[in-house]
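A.B. asks: Numbering (our numbering), first residue to last: 839 to 1066.
Glycine included, C-beta positions come from ideal geometry on N, C-alpha and C.
Sharing a structure, written as structure tokens. Questions coming.
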Amino acid sequence: MEVPTYVSDDEMDTSETEHNGNKKRVKKRQRNWVEKMVFNNIEEAEETAIKEDQWSYHYTNTTAAGKRNFIDVIKSKLVSTKLGPTSISLGEIEEWCLESSQSIPESDDAPFVASYQIIYDDGDNENEDDDDDDINENKFCFFITTKRLLQTASISKKIYADTTYKLVWQGFPVLIVGTTDLDRHFHLFGMAIRSNETTQGFRFIFRALQEGMKKLNLEEIDPDFFNC
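Pasting the structure below:
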């Protein structure tokens, strides 16, 4: 039995060879290996890779795919380090709402929380008029606006509030509140985020608008209708 000699990628060509009388075309391989480092054992190779700290799980940073994967990993690390975790707890929401609602910003365009509502599943809350069916679940709702937006709301007689499936926060629907002019242009009053979309949520929005008016010493709004 004759053992064929080893042929490297560079030496292999596309010439025709004969096998049992049939001609067979040998395909040249696509990779041309280049010797960059030589290691005496596996441990030495792994130690070198760890020290470089530039290898991803599937690719090295010397290939186009590896560079993309490496950049994605770096971005995710930066996001988690600078921006914090991607999820937020109910207690953190309450703390943020309390801090943002205590004072009104000097700028007319700086956002603040006009009103918020936090309900824990222990039933110990001050909102006895909540008519939601899931009374044993944690719930929250807060309304964000600005001084300029509330000034627009104070002279409006029509209020529209609705959600859009494309606009969510932490998986919860964002309710857009505003009005329209004679040219059918929409003017924003603010936005509310609620853990569940119910009739009580739209009632909260109207009360939040009134609370915002009081904070700015404006007259309470008296709309002709509230469309939601």
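Apart from the five residues just before and just after residue 1063, which ones in its own chain have a Cβ nearer than 7 Å to its Cβ?
C.D. replies: If you number the sequence shown from 1, residue 1063 lands on position 225. Counting only Cβ-Cβ distances below 7 Å, and skipping sequence neighbours, we find 996.
A.B. asks: Can you give the beta carbon distance from residue 978 to residue 1033, rounded, assuming they're within the 8 Å contact cut?
C.D. replies: Position 140 of the sequence shown, counting from 1, holds the residue named residue 978. Position 195 of the sequence shown, counting from 1, holds the residue named residue 1033. That belief holds up - the Cβ atoms of residue 978 and residue 1033 are roughly 5 Å apart, short of 8 Å.
A.B. asks: Assuming residue 926 contacts residue 981 under a Cβ cut-off of 8 Å, what Cβ separation, rounded to an integer in Å, is found between them?
C.D. replies: Position 88 of the sequence shown, counting from 1, holds the residue named residue 926. Position 143 of the sequence shown, counting from 1, holds the residue named residue 981. Residue 926 to residue 981, Cβ: 17 Å. No contact.
A.B. asks: Going by DSSP, what residue range makes up the alpha helix (DSSP H) through residue 953?
C.D. replies: Residue numbering aside, residue 953 sits at position 115 when the sequence shown is read from its first letter. Where residue 953 is concerned, there is no enclosing alpha helix (DSSP H), although the beta strand (DSSP E) it sits in stretches over 950-957.
A.B. asks: Got a sec, what are the start and stop residues for the beta strand (DSSP E) residue 1013 sits in?
C.D. replies: Within the sequence shown, residue 1013 is the residue found at index 175, counting from 1. 1010-1018 is the extent of the beta strand (DSSP E) around residue 1013.
A.B. asks: Considering only the beta carbon of each residue, do residue 1028 and residue 1015 sit closer than 7 Å?
C.D. replies: To locate residue 1028, count along the sequence shown from 1; it is residue 190. To locate residue 1015, count along the sequence shown from 1; it is residue 177. Yes. Within cutoff.
A.B. asks: May I ask you to list the residues that DSSP assigns as paired with residue 929?
C.D. replies: Mapped onto the sequence shown, residue 929 falls at position 91. Paired residues: none, contrary to the question.
A.B. asks: Just to confirm, does residue 1056 get its C-beta within under 6 Å of one of the non-hydrogen atoms of the ligand NAP?
C.D. replies: Among the ligands in the structure shown, none appear at all, so the ligand NAP cannot be discussed.
A.B. asks: Indicate whether the contact test is met: 3 or more Cβ pairs, each with one atom in the region 985-1001 and one in the region 1051-1065, closer than 8 Å.
C.D. replies: Contact holds: three or more Cβ-Cβ distances are below 8 Å.
A.B. asks: With burial defined as no fewer than 16 other Cβ atoms inside 10 Å of the residue's Cβ, what is the status of residue 1031: buried or exposed?
C.D. replies: Here residue 1031 refers to the residue found at position 193 of the sequence shown. Residue 1031 comes out buried.
A.B. asks: Taking the straight line between their C-alpha atoms, what separation do you get for residue 1059 and residue 910?
C.D. replies: One-based indexing of the sequence shown puts residue 1059 at position 221. One-based indexing of the sequence shown puts residue 910 at position 72. The straight-line gap from Cα to Cα measures roughly 49 Å.
A.B. asks: Give the straight-line distance between the Cα atoms of residue 951 and residue 983, rounded to the nearest whole angstrom.
C.D. replies: Residue 951 sits at position 113 when you count from the first residue of the sequence shown. Residue 983 sits at position 145 when you count from the first residue of the sequence shown. Taking the straight line joining both Cα atoms gives about 7 Å.
A.B. asks: Considering residue 834, what are the terminal residues of the beta strand (DSSP E) in which it resides?
C.D. replies: Residue 834 lies beyond the stretch modelled for the chain, which goes from 839 to 1066, so this question has no answer here.
A.B. asks: In terms of alpha-carbon separation, which member of 945, 872, 976, 1039 lies closest to residue 957?
C.D. replies: Here the question's residue 957 lines up with position 119 in the sequence shown. Answer by Cα proximity: 976.
A.B. asks: Go through its chain and collect everything with a Cβ distance to residue 1025's Cβ below 6 Å, but skip five positions before and after it.
C.D. replies: The residue labelled residue 1025 in the question sits at position 187 within the sequence shown. The answer, listed in chain order, is 990, 1016, 1017.
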